[in-house]
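Reading through the structure tokens given below for one structure.
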Amino acid sequence: MFFFGCVEAYIYGDYELAVNFAQKRHETGFDVPFYGMTDFFDCLSFLAMAHQSGDQKWILSANKSISNIDNFAKICPSNCEHKLLLLQAEMKSIMGEVEEASSKYELAISAAERSEFIHEQAIANERAAEFFLQNGDSSRAAHHYGEAQSLFLKWGAQRKVDDLLMSIAL
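Here this note's numbering is used: the sequence shown runs in plain steps of one and ends on residue 172.
Laid out in structure tokens, this is it:
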């Protein structure tokens with residue numbers, strides 16, 4: 003329950019709730035072995051909190067998850083390479099490394115597409131859109147928002163598509 007709560011909270015932008023679910027899951031010791039999935043969504047949530055708050059404690063938590071995903075990516079790149087690339091993109095974004103972040107977002111999207119992780123490709127597009135919007139590139143942001151909407155719809159997440167349409171700041 004805590005894992006799926008974390009995923010849903012993250013997807014809908016309630017990062018504080020996502021982190022609370024992740025922390026509760028860790029406290030209970032019930033870390034389900036989804037081969038990188040828990041670390042992936044935990045880390046996305048930690049990085050979102052770091053971005054919002056500027057608090058370095060979230061970076062420290064994220065680094066542990068990134069290390070775990072890196073290990074999974076070495077064992078099974080088709081399942082985890084895109085996850086690692088997206089986490090690296092988010093970290094580069096937080097650190098203000100715009101060119102590196104931009105490249106990592108595009109690589110993450112391509113890797114997710116190759117591996118046919120539609121929902122994670124959608125998430126990567128949404129994160130890329132936010133990144134490009136924050137960095138003044140509304141054209142690329144619009145492209146990635148459109149891709150995210152299309153992919154979320156293909157995944158069957160109409161409510162998320164509706165949420166994006168209501169919240170896009172273009």
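Where a beta carbon is used, it is the ideal one built from N, C-alpha and C, also for glycine.
In this text the structure is predicted, and so the values were computed from the model without any measurement.
Assigned secondary structure, residue i (DSSP; H/G/I helix, E/B strand, else coil)
i: Asp41; result: helix
i: Phe74; result: helix
i: Asp165; result: helix
i: Ile170; result: coil
i: Gly56; result: coil
i: Gly158; result: coil
Bounding residues of the alpha helix (DSSP H) (the contiguous stretch that carries residue i)
i: Asn81; result: 79-96
i: Asn137; result: Taken as a continuous stretch (DSSP letters only), Asn137 belongs to no alpha helix (DSSP H), as it is neither H nor E.
i: Tyr12; result: 4-13
i: Glu101; result: 100-117
i: Ala20; result: 17-30
Spatial distance of residue i from residue j (CA atoms)
i: Ile68; j: Cys82; result: 11 Å
i: Ser104; j: Gln90; result: 10 Å
i: Lys26; j: Lys76; result: 28 Å
Residue burial classification, residue i (beta-carbon count within 10 angstroms, cutoff 16)
i: Phe6; result: exposed
Cutoff 8 Å; reference residue i; Cβ partners in own chain excluding five residues on either side
i: Phe4; result: Phe23, Ala24, Lys26, Arg27, Thr30, Phe32
i: Tyr12; result: Ala20, Phe43, Leu46, Ser47, Ala50
Sequence-distant residues of its chain with Cβ nearer than 6 Å to residue i (five each side left out)
i: Ala113; result: Glu83, His84, Leu87
Chain-order list of residues whose beta-carbon lies under 7 Å from that of residue i (same chain, five-residue window excluded)
i: Ala124; result: Ala150, Leu153, Phe154, Trp157
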